[in-house]
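Taking our numbering, the leading residue of the sequence shown gets 37, the next gets one more, and so forth.
In this text, a Cβ means the ideal position worked out from N, Cα and C, and glycines have one as well.
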Amino acid sequence: IVDILSPLDDKIELNTQINQTLEQIAQALFKSWFVDFDPVRAKVQALSEGMSLEQAELAAMQTISGKTPEELTALSQTQPDRYA
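This is the structure:
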């Protein structure tokens, strides 16, 4: 019985840790997007600096994804279905 229950307990503990990490990530994303409005602020700042709408949208996408403009361009070319 111990040989069966011990790995199950380990798996339960690991899943609990994963759930806590995912919850922290979800809370950070929610705060960034819906409390602090980081993507919106990035877009507004880009527009106020005289950038085009396309450049402003790219700035917002950078904020959301954490990727560089080069990485976003590569993504749009290699995986257009994943590029929004």
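Span of the alpha helix (DSSP H) around M97: Per DSSP, M97 is one residue of the alpha helix (DSSP H) stretching across 89 to 101.
8 Å CB neighbourhood of A95 in its chain, flanking five on each side removed: A78, K79, Q81, A82, M87
By Cβ distance, which residues of its chain are closer than 8 Å to P105, with the 5 residues on each side in sequence left out? For P105, where only same-chain residues beyond five positions count, the Cβ hits under 8 Å are L94, Q98.
Is the beta carbon of L111 sitting closer than 8 Å to the one on R118? yes
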